Amino acid sequence: MSDNHGAAGAAANEFVVARTFGAPRELAFRVWAEAKHLERWWGPKGLAVSAAQLDFRPGGRFNYVMRTPDGHENGGLFRFLDIAEPERIVFVNSFSDAEGAVVRPPFEEDWPLEILHSVTFAEAGARTTIRLKSSPLNATPEEERVFRSGFASMEEGYGGTFDQLEAYLAEALPLPPATGVLPAIGTLNF
Numbered sequence: 297m298s299d300n301h302g303a304a305g306a307a308a309n310e311f312v313v314a315r316t317f318g319a320p321r322e323l324a325f326r327v328w329a330e331a332k333h334l335e336r337w338w339g340p341k342g343l344a345v346s347a348a349q350l351d352f353r354p355g356g357r358f359n360y361v362m363r364t365p366d367g368h369e370n371g372g373l374f375r376f377l378d379i380a381e382p383e384r385i386v387f388v389n390s391f392s393d394a395e396g397a398v399v400r401p402p403f404e405e406d407w408p409l410e411i412l413h414s415v416t417f418a419e420a421g422a423r424t425t426i427r428l429k430s431s432p433l434n435a436t437p438e439e440e441r442v443f444r445s446g447f448a449s450m451e452e453g454y455g456g457t458f459d460q461l462e463a464y465l466a467e468a469l470p471l472p473p474a475t476g477v478l479p480a481i482g483t484l485n486f
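If you want my numbering, it's the 1-based position in the sequence shown plus 296.
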């Protein structure tokens, strides 16, 4: 269930989206940490994601491919900077070519090459609020301007991604009992 979802940054170049999920923090964190889970929910709605590589550790990488229904492919790359399980993941996200080199995205020539993401996981009982903060890294003033102009599109895109995450987490958890208490563990195949 979505409690908070929208773009609002403390800094002019910061995009923030947050949502509260009906899942315990350890499970919510874990689906960000394993390729078989990321492939099920990461990315814009309607795109299939396949993992080429995931090395989930500071200094590690996640190389992936997003495929449209008509077969067009775009590569993506996470470079993990900091991981504090199950509280936080910090990574740089970029578009990439087939070899994993950073490239410009297909939709905007002046989109920043690198976006710094900080994802936090705050637990409240059997629920977890995931907050993603994004800002351009090593960007020119024009790239920063283009990033800011993309907030509405990013809100829609991350909203769809979080919708997919919400549905995926719901698969992991049985329906709440009549008391309304959520179970403490998931049933995803780990």
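We put the CB at the ideal spot given by N, CA and C, even for glycine. Note that the structure is predicted; figures quoted are calculated from it, not measured.
Note: S346 is bridge-paired with V361 in the DSSP secondary-structure output.
Secondary structure note for K429: its beta strand (DSSP E) is the uninterrupted segment R423 to L433. Listed as beta-bridge partners of D378 by DSSP are V386. In terms of Cα proximity to E330, the closest of V361, L377, R353 and F317 is R353. Distance between K332 and A347, taken at the CA atoms: about 8 Å. The DSSP-derived three-state label of L469 is coil.
Apart from the 5 residues on each side of it in sequence, T457 sits with its Cβ closer than 8 Å to the Cβ of W337, W338, G339, P340 and K341 in its chain, given in chain order. Residue nearest to R326 within the set D393, N359 and E381 is E381 (criterion: CA-CA distance). Counting along the chain, no beta strand (DSSP E) covers E330, and no H or E run does either.
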